[in-house]
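Chains as they are written, first to last, in our numbering: chain A, 295 to 578; chain B, -10 to 357. Scroll down for the structure; my scribbles are underneath it.
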C-alpha cells in the first residue's frame, strides 16, 4: 500500500474516532431552540432529549413545526437561536468540513416523499451515500451491499434495477428507508413514514422499523400523525404544542397528563381505536 | 486507540482459522475484504474479539460463510442478530439491468430512435388534429375563446421577446450587409447590397430568426410548464373537473404564438433592414433617405405577403410542438428537461423544413 493511501486511511480513522455514538446517553440534546419565520414563531425555547437506542415518536397538530424541528437538527434549517447537540456536537459551530461530514455519516434521513433521486435506480440510490463517503469501496461489495439492503427493507428481488417512477408508493418508502440506512447510521430520522400507505402497508412498515431498530441498534426520531404507528413502534412520545415540547414520555405516562390537546389526541375516536387495536394485537 | 478492522489467521485442520479484531464496520473496513478473498479455504470465523460489527461487517462474515462453508464462533448477541437478519439467500436480488451484447444494443438503439422520430411526427400531426377538433367543439358549443389566457401569453411570448429579437436581427442585418458589400464590391455593384438586405430580411431572415427565438423562448416554456403540470397531476385534475386541457392550456398558447408570429416577424424584418441601413450609411455612404427609396423600388409586395403567410404557420408549428412535448411528459423531472429540449429541436427543424417547402412553392407560383 502506498504512503498516500496509508495517510488517507489514517485520516479516515481519526475522523471515525471523533464521534462514538455508543458513549452518549442522549443522541440528541436540544436546548432553548427558537425558530422564527418573519413574525411567525414556530418554536419558542423548545427543549428535547432523545435517548440513545430509543424510538422517539414526535406528534403534534399540523403546523406545529415537527418537520422544521427535524430540519433544524439535521442542519437544513438554521435556528434563530438555541443549541442543538447531536452526539455532543453542534452543527452550527462545526467549522471543519471533515467534522460535519463525520456527523452526517452518523445519521440517515428518510423524507416524507421518499426523495429518491429520480434519475438513478433504487440500487444506485442506495449506493450514493456509500460512494460519497467511501469512494474506494469496490463495485462488487457496493452491489452486494445494495442487494442486501434492498432485501432488509423488504423490497422484492427485482426492485434493485428499477427506477423510482416504476415503484408503488409503499415501495418508494421502503427504498427511501434503504437509502437512509446505507451507511449503517446510529441515528435515523423518519418524516411521516407511513403517510399515504394503506393500513396493511403501514402496519408492515411499522413492524419493519421496529425490527430494524432492534437488529441494528438504531436511535429513531420518528415524526408521525399515525396513532397506530405510535402504539406499535415508539418507546417514548414527544408532544409538540404551544411552540414547545409540552410532554415527553411513554403513552401511559402521557395519558396521565391533564393537557387538553394530549387528551383530545389520544382519547379522540381515532386514538381510542388505535389503543384498543393495539391491545387486541398484544393479547394475540 | 481504536483499531481498524483486521484479522489474525492460524492454520487449522480444515483450512485457515480467522479471528477478527477491532471494529468490523463500514468505516473501518479498508482493504479487509480483498485480503480475506485472497486466502485459501477458511474453516472458522471467530468474532469473539470484535469490538463492534455493523451490517456491512455482518455481510462480509455471511459472504465468507457461504463461499467457504466456514463456521462462525463467538458471536455476541448483537452480532448474531445481524447475522440472522442477513442469513437468507440474497443471490436472486438483482442490482443491475440485464445487458445485451453491444451489436444488438446498437441496432436496437438505432431502431428505437427511428421508430421514435416517426412516432413523434405522427404524434405532432395527431395532436394538431385533436387541437383543431377541440377548437371546433368549442366554437360549435358557442363557448367563447379564452381571450384572457391568450392575452396573458402576449406579454411573455411577444412583448418580453422584443428587445432580444430586435437586437439579434439588427446585428444580423449589419452582418449580411457587410458580407454582401465585400462580395459585390468586386463587381463595383455595392449599391446592390440594399437589394440583398432588403429582400433577404423581409422574405426570410427576419421571420426565420424570430421563429428560432420564439421556439427557444416560448416553445420551451410551453413544454416545461405543461410538463410540470402533468407531473403534479394538474392536467388530470383539470380533466376530472370537466375542463378540457386542450381548451384551457393548449389553445391559448398556440393562439398566442400564431397571432404574435406575424407581428414579431415583421418587427424583426424591420430591425434587420435598419441594421443593414446603418451599415449602408456608414460603410457605403448611402444616406437613409436614398436607402428607403431604393427599398421601395426593390422589395415587391409579394415578399411581404410571403412573410405574412408563413408567419402564422410557423407560430402554429412552434406552439403545437411545445404543447405536444409538454403533454408527453411522464414519470419524472428528467423527462421535463428531455421533452423541453426536443420541443425546441423539433420546432426549429420543422420550421426550416417548412420554410424550404414554402420557398419552392412561392417561386413556382411566380413570386420571385
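Ideal placement from N, C-alpha and C gives every residue a C-beta, glycine not left out. Since we're looking at a predicted model, the values are computed, not measured.
Look up residue i in the DSSP assignment and give the residues it is bridged to.
| i | result |
| --- | --- |
| residue 420 (chain A) | Partner(s): none; residue 420 (chain A) has no beta bridge. |
| residue 329 (chain A) | A:337 |
| residue 6 (chain B) | B:-1 and B:33 |
| residue 323 (chain A) | A:343 and A:379 |
Going by Cα to Cα distance, which pick from the options is closest to residue i?
| i | options | result |
| --- | --- | --- |
| residue 109 (chain B) | B:345, B:344, B:338 and B:127 | B:338 |
| residue 385 (chain A) | A:559, A:402 and A:367 | A:367 |
| residue 442 (chain A) | B:90, B:51 and B:234 | B:51 |
| residue 46 (chain B) | B:131, B:30 and B:-5 | B:-5 |
| residue 377 (chain A) | A:361, A:331, A:322 and A:400 | A:322 |
| residue 159 (chain B) | B:345, B:58, B:275 and B:255 | B:255 |
| residue 238 (chain B) | B:202, B:135 and B:145 | B:135 |
| residue 16 (chain B) | A:471, A:462, A:480 and A:409 | A:480 |
| residue 517 (chain A) | A:506, A:489, A:544 and A:543 | A:489 |
| residue 478 (chain A) | B:248, B:7, B:32 and B:18 | B:18 |
| residue 277 (chain B) | B:139, B:286 and B:266 | B:266 |
| residue 190 (chain B) | B:310, B:125, B:347 and B:288 | B:288 |
| residue 456 (chain A) | A:413, A:393, A:551 and A:404 | A:413 |
Rounded to whole angstroms, what's the CA-CA distance from residue i to residue j? Just pull it up for me.
| i | j | result |
| --- | --- | --- |
| residue 213 (chain B) | residue 317 (chain B) | 11 Å |
| residue 483 (chain A) | residue 365 (chain A) | 10 Å |
| residue 541 (chain A) | residue 547 (chain A) | 9 Å |
| residue 198 (chain B) | residue 296 (chain B) | 12 Å |
| residue 89 (chain B) | residue 95 (chain B) | 10 Å |
| residue 155 (chain B) | residue 534 (chain A) | 59 Å |
| residue 296 (chain A) | residue 21 (chain B) | Note that residue 296 (chain A) scores a pLDDT of 46, beneath 50, so its modelled location is shaky; the value from the coordinates is reported in the next line. Each residue's Cα considered, the two are about 16 Å apart. |
| residue 183 (chain B) | residue 152 (chain B) | 24 Å |
| residue 360 (chain A) | residue 4 (chain B) | 56 Å |
| residue 100 (chain B) | residue 240 (chain B) | 34 Å |
| residue 270 (chain B) | residue 303 (chain B) | 33 Å |
| residue 572 (chain A) | residue 74 (chain B) | 26 Å |
| residue 219 (chain B) | residue 163 (chain B) | 44 Å |
| residue 508 (chain A) | residue 522 (chain A) | 19 Å |
| residue 244 (chain B) | residue 196 (chain B) | 18 Å |
| residue 416 (chain A) | residue 475 (chain A) | 13 Å |
| residue 525 (chain A) | residue 371 (chain A) | 30 Å |
| residue 37 (chain B) | residue 449 (chain A) | 32 Å |
| residue 30 (chain B) | residue 502 (chain A) | 36 Å |
| residue 293 (chain B) | residue 458 (chain A) | 53 Å |
| residue 145 (chain B) | residue 210 (chain B) | 10 Å |
| residue 570 (chain A) | residue 549 (chain A) | 14 Å |
| residue 332 (chain A) | residue 373 (chain A) | 13 Å |
| residue 129 (chain B) | residue 93 (chain B) | 52 Å |
| residue 471 (chain A) | residue 369 (chain A) | 20 Å |
Any idea what DSSP makes of residue i, helix, strand or coil?
| i | result |
| --- | --- |
| residue 310 (chain B) | helix |
| residue 560 (chain A) | helix |
| residue 344 (chain B) | helix |
| residue -1 (chain B) | strand |
| residue 274 (chain B) | coil |
| residue 493 (chain A) | helix |
| residue 500 (chain A) | helix |
| residue 219 (chain B) | helix |
| residue 351 (chain A) | strand |
| residue 485 (chain A) | strand |
| residue 540 (chain A) | strand |
| residue 517 (chain A) | strand |
| residue 92 (chain B) | helix |
| residue 526 (chain A) | helix |
| residue 154 (chain B) | helix |
| residue 368 (chain A) | coil |
| residue 402 (chain A) | strand |
| residue 319 (chain B) | coil |
Looking at chain D, is there any beta carbon in it that lies within less than 8 Å of the beta carbon of residue i?
| i | result |
| --- | --- |
| residue 82 (chain B) | Protein chains A and B are contained in the structure displayed, whereas chain D is not. |
Starting from the C-beta of residue i, find all residues in its chain whose C-beta is less than 8 Å away, skip the five residues before and the five after it, and write them out in chain order.
| i | result |
| --- | --- |
| residue 72 (chain B) | 47, 50, 51, 61 and 64 |
| residue 436 (chain A) | 421, 424 and 425 |
| residue 335 (chain A) | 328, 329 and 537 |
Looking only at its own chain, which residues have a Cβ that is under 7 Å from the Cβ of residue i, when we skip the five neighbours before and after it?
| i | result |
| --- | --- |
| residue 511 (chain A) | 347 |
| residue 157 (chain B) | 198 and 202 |
| residue 564 (chain A) | 521 |
| residue 354 (chain A) | 360, 533, 534 and 535 |
| residue 331 (chain B) | 314 |
| residue 173 (chain B) | 179, 181 and 182 |
| residue 356 (chain B) | 291 and 295 |
Near residue i, what residues of its chain come up, given a Cβ to Cβ distance below 6 Å and the 5 sequence neighbours on each side ignored?
| i | result |
| --- | --- |
| residue 495 (chain A) | 464 |
| residue 430 (chain A) | none |
| residue 351 (chain B) | 295 |
Nearer than 7 Å: is that true of the beta carbon of residue i relative to any heavy atom of the ligand FAD?
| i | result |
| --- | --- |
| residue 148 (chain B) | Summarising the ligand content, the structure contains no ligands, and the ligand FAD is consequently not present. |
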